[in-house]
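In full-length UniProt numbering, the protein residues as written are 1 to 136.
Ideal Cβ positions, reconstructed from N, Cα and C, are used throughout, including at glycine.
The structure under discussion appears below in the form of structure tokens.
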């Protein structure tokens with residue numbers, strides 16, 4: 001089941017990556033997340049000439065999940081055409097952490113299949129949470 005789910009994530013991220021709007025960097029990224037329900041949501045990066053007003057693939061996938069009424073991430077996969085697996089940017093790490101438990105796996109892969117998996121906690125140690133805003 002886990003391998004089947006990973007393949008579904010890979011297929012969704014790979015397909016949506018082709019829709020990326022990247023006229024400036026030409027660096028297409030696709031992301032897919034599995035929500036608590038088992039549904040898969042995908043997103044691609046969308047650039048804007050007024051940097052940094054673009055949207056990352058991970059943020060797009062999270063927005064699709066939330067728009068569908070879900071708020072729990074169970075797994076993430078990110079794919080890009082790079083020699084090394086591309087990690088989510090700092091902002092996306094924080095966005096993922098908002099909806100995922102620290103042990104949720106984030107797999108980063110290249111088009112050639114070079115993959116690396118880390119947990120949310122490994123990607124973002126010292127995550128900022130709602131607890132930081134609470135007063136005793």
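Three-state secondary structure assigned by DSSP to residue i
i: residue 84; result: coil
i: residue 92; result: helix
i: residue 127; result: coil
i: residue 26; result: coil
i: residue 76; result: strand
i: residue 101; result: strand
i: residue 120; result: helix
i: residue 71; result: coil
i: residue 43; result: strand
i: residue 6; result: helix
i: residue 135; result: coil
Own chain residues within Cβ distance below 6 Å of residue i, not counting five before or after
i: residue 57; result: 29, 30, 31, 43, 44 and 45
i: residue 82; result: 110
i: residue 144; result: The question about residue 144 has no answer here: the residues shown for the chain are numbered 1 through 136.
Buried/exposed call for residue i, threshold 16 Cβ in 10 Å
i: residue 106; result: buried
i: residue 16; result: buried
i: residue 102; result: exposed
i: residue 88; result: buried
i: residue 128; result: exposed
i: residue 131; result: exposed
i: residue 64; result: buried
i: residue 97; result: buried
i: residue 50; result: exposed
Sequence-distant residues of the same chain with beta carbon closer than 8 Å to residue i, five excluded per side
i: residue 54; result: 45, 46, 47 and 48
i: residue 37; result: 70
Own chain residues within Cβ distance below 7 Å of residue i, not counting five before or after
i: residue 34; result: 5, 9, 40, 74 and 75
i: residue 22; result: 28, 45 and 47
i: residue 116; result: 85 and 108
i: residue 95; result: 58, 59 and 62
i: residue 99; result: 62, 71, 72 and 73
Expected contact under 8 Å - CB spacing of residue i and residue j to nearest Å
i: residue 141; j: residue 13; result: Because the chain in this structure spans residues 1 to 136, residue 141 falls outside the shown range and cannot be described.
**Item:** Stretch-stretch touch, CB-based, cutoff 8 Å, three pairs: the region 120–128 with the region 52–70
**Value:** Using a C-beta cut-off of 8 Å, the region 120–128 makes no contact with the region 52–70, since fewer than three inter-stretch Cβ pairs fall below that distance.
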